[in-house]
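Following: one structure in structure tokens, then a few remarks.
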Amino acid sequence: FVIAFVLLMLYMIVMYNVIPGMMANLALIANLFFTLGVLASFQSALTMPGIAGIVLTLGTAVDANVLIYERIKEELRLGKGMKQALHEGYSNAFSAIFDSNLTSLITGVILLVTGTGPIRGFATTWIIGIIISFFTAVFLTRLVFENRVSNDKWLNLTFSTGFSKNFMQGKNFHFLSMYKRSFTVWGVAVVICIVSFVVRGLSRSIDFTGGRNYVVTLNKPTQVEDVRKVMNGAFVNTVGENAGKPATTNVIALGTDGKTVRISTNYNIESNDPLEDDKAETILYKALKRGGFVSQTSVANFKNPDIREGGSIIQSAKVGPSIAKNITYNAFLSVLLAIFFIFLYILLRFRNIGFSVGSIVGLVLDTTIVIGFFSLCYGWIGFSLEIDQTFIGAILTVIGYDINDSVVVFDRIRENLKLHPKRDPQQIFNDSINQTLARTINTSVSTLIVLVPIFVLGADSIRSFAFAMIIGVFVGTLSSIFLASPIAHIVLGRRI
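Pasting the structure below:
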């Protein structure tokens, strides 16, 4: 968290100069202060997913500052004075900030309503952060800037440095003329993902299959692959339709000490016999002792979390089949609700079916690609890629972030269509994408600055979340330019 926060602050200074950069950074500090204050007033427990929500909030808060500063820079380039540039910069950026925050809020509320446990904690923190970041970026920073300018201070401010002065300025890329190539690339990627779903499937956690989770401390640092070999085939179902078949068993490393692992299995999960829990723990003990990973003299000691010397179960959880079905239903429902309400909001806000179709098609294909990465990569990558509730939270967050990018581009297209009603619509689309290019890249980089420390240094419980978000940022950024905008243009009935 600290590393992400410091890197983000440095990035804002490098891109927007000392005073504007520090103003954005002070807004971030105020955001953090108020978010923690609201959580404290709710007496909320601060969990790892909650911290992930705070860190992600920093990324979305920076997005608002980037939008405002880029608009101010545009006004200054037109030769306007600082007072007028500030006023028009904040005013022109407001609609894009409002739309992007509201679409994020929609996904946050859906997470809160349909999620359980850690996902509700993440959603609560994220919702609080979204509301507060809107207040700090749109109101607090403007208050300070206008106070200084009204007292004839900061009139010669520059919102750029030698590094960023000409960053993505004067570009004239013909994005819409590339639509055939971009559609082909996305089509191939989606087909590969669908094939992977059919051939490899997904590594589903016990949240979706039902089963038992054991967090076990071993008697020595061990390679997780060695534990997997010992556990392979150790659990064999004896009841239900899978009787006689090996149970699905997954092993992942937790922490960095090499001695803590999480072992998940759906062994005899259909049975309601309370003795099955004891049987499962005994099988686990025997398998690990046979492999030399546990040296406890009895199963009783192995089950006792207070006797860790020699290896023991330090945490266990069970999800029954009916609960797993309910979680699966809620997961599908939450994703469908997010897509539906975002489609409806874009339609009502932009009053044009083309923008709704473009954003939703891009969103669905991007989501498919993110999930496809988890299907393609599980089993050989060095951390868990299980599909669990945290992953569903990541997917909904990706949806919210993805739509943010598209909304900002669409907002500029709508603005330019009103300003230049007789200009060729294709040219307006290309100009709008080029005009928002600096903002698009800056927002993506600032979000990645936040996500990479979570991914590298975060606990295993949120590493898969960060991995999904990193993929989502890359794919979503490209999608808003090369996929959503051309689709919107085609649906509008214009000739490309």
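Take any residue in the sequence shown, note its place counting from 1, add 8, and you have its number in my numbering. C-beta atoms are modelled at their ideal positions from N, C-alpha and C, and glycine is treated no differently. Note that the coordinates shown come from a computational prediction; the quantities given were computed from them, not determined experimentally.
Beta carbon of residue i nearer than 7 angstroms to that of residue j
{"i": "S414", "j": "A492", "result": "yes"}
{"i": "A93", "j": "E83", "result": "yes"}
{"i": "V416", "j": "A104", "result": "yes"}
{"i": "N73", "j": "T169", "result": "no"}
{"i": "I441", "j": "F183", "result": "yes"}
{"i": "K253", "j": "N240", "result": "no"}
{"i": "T144", "j": "G58", "result": "no"}
{"i": "S204", "j": "S383", "result": "yes"}
{"i": "L500", "j": "I478", "result": "no"}
{"i": "L210", "j": "A35", "result": "no"}
{"i": "N276", "j": "V307", "result": "no"}
{"i": "L15", "j": "I457", "result": "yes"}
{"i": "S190", "j": "F490", "result": "yes"}
{"i": "G466", "j": "F130", "result": "no"}
{"i": "S1", "j": "M23", "result": "Any answer about residue 1 is impossible in this case: the structure gives the chain only from 9 up to 504."}
{"i": "D215", "j": "Q397", "result": "yes"}
{"i": "N338", "j": "T122", "result": "yes"}
{"i": "E289", "j": "K311", "result": "yes"}
{"i": "I421", "j": "F437", "result": "yes"}
Inter-residue spacing [alpha-carbon to alpha-carbon] between residue i and residue j
{"i": "V238", "j": "V259", "result": "10 angstroms"}
{"i": "L427", "j": "S108", "result": "22 angstroms"}
{"i": "D410", "j": "V232", "result": "35 angstroms"}
{"i": "T336", "j": "L425", "result": "43 angstroms"}
{"i": "L54", "j": "P461", "result": "19 angstroms"}
{"i": "L165", "j": "V146", "result": "19 angstroms"}
{"i": "S367", "j": "S487", "result": "9 angstroms"}
{"i": "L404", "j": "T115", "result": "6 angstroms"}
{"i": "S49", "j": "L119", "result": "21 angstroms"}
{"i": "I21", "j": "G387", "result": "41 angstroms"}
{"i": "L355", "j": "K179", "result": "30 angstroms"}
{"i": "V193", "j": "L151", "result": "46 angstroms"}
{"i": "T444", "j": "T217", "result": "44 angstroms"}
{"i": "P229", "j": "P313", "result": "18 angstroms"}
{"i": "V10", "j": "G480", "result": "23 angstroms"}
{"i": "S364", "j": "F351", "result": "5 angstroms"}
{"i": "S112", "j": "L283", "result": "46 angstroms"}
{"i": "G137", "j": "K333", "result": "31 angstroms"}
{"i": "I498", "j": "M31", "result": "41 angstroms"}
{"i": "Q323", "j": "V302", "result": "16 angstroms"}
{"i": "N309", "j": "G45", "result": "43 angstroms"}
{"i": "I80", "j": "F349", "result": "32 angstroms"}
{"i": "Q435", "j": "N100", "result": "21 angstroms"}
{"i": "I315", "j": "N280", "result": "29 angstroms"}
Integer Cβ distance of residue i from residue j, believed to fall under 8 angstroms
{"i": "P433", "j": "Y187", "result": "With 8 angstroms as the limit, P433 and Y187 do not qualify as a contact, their Cβ atoms being about 14 angstroms apart."}
{"i": "G319", "j": "N227", "result": "4 angstroms"}
{"i": "A242", "j": "I291", "result": "6 angstroms"}
{"i": "V343", "j": "A476", "result": "The pair is not a contact, with the Cβ atoms about 13 angstroms apart (cut-off 8 angstroms)."}
{"i": "T225", "j": "T257", "result": "With 8 angstroms as the limit, T225 and T257 do not qualify as a contact, their Cβ atoms being about 18 angstroms apart."}
{"i": "L373", "j": "I407", "result": "At roughly 12 angstroms, the Cβ-Cβ gap does not stay under 8 angstroms, so L373 and I407 are not in contact."}
{"i": "T485", "j": "S452", "result": "5 angstroms"}
{"i": "A496", "j": "G362", "result": "4 angstroms"}
{"i": "C201", "j": "T376", "result": "5 angstroms"}
{"i": "W162", "j": "I27", "result": "7 angstroms"}
{"i": "I140", "j": "F42", "result": "5 angstroms"}
{"i": "L66", "j": "A12", "result": "7 angstroms"}
First and last residue of the uninterrupted beta strand (DSSP E) at residue i
{"i": "G219", "result": "219 to 225"}
{"i": "S324", "result": "320 to 327"}
{"i": "L262", "result": "257 to 262"}
{"i": "R270", "result": "268 to 273"}
Continuous alpha helix (DSSP H) stretch holding residue i: start and end
{"i": "Q435", "result": "433 to 443"}
{"i": "V207", "result": "187 to 207"}
{"i": "I400", "result": "397 to 427"}
{"i": "L40", "result": "26 to 49"}
{"i": "E96", "result": "90 to 122"}
{"i": "P494", "result": "493 to 499"}
{"i": "N155", "result": "149 to 158"}
{"i": "Y293", "result": "283 to 298"}
{"i": "E233", "result": "232 to 239"}
{"i": "N309", "result": "307 to 311"}
{"i": "I377", "result": "361 to 385"}
heavy atom of the ligand MN below 6 angstroms from residue i C-beta
{"i": "G89", "result": "Judged by which ligands are present, the structure shown has none, so any question about the ligand MN falls away."}
Contact between the region 268 to 285 and the region 215 to 225 (3+ Cβ pairs under 8 angstroms): yes
With a cut-off of 8 angstroms, do at least 3 Cβ pairs link the region 167 to 184 to the region 112 to 129? no
Do the region 468 to 481 and the region 389 to 397 make contact, defined as three or more Cβ pairs closer than 8 angstroms? yes
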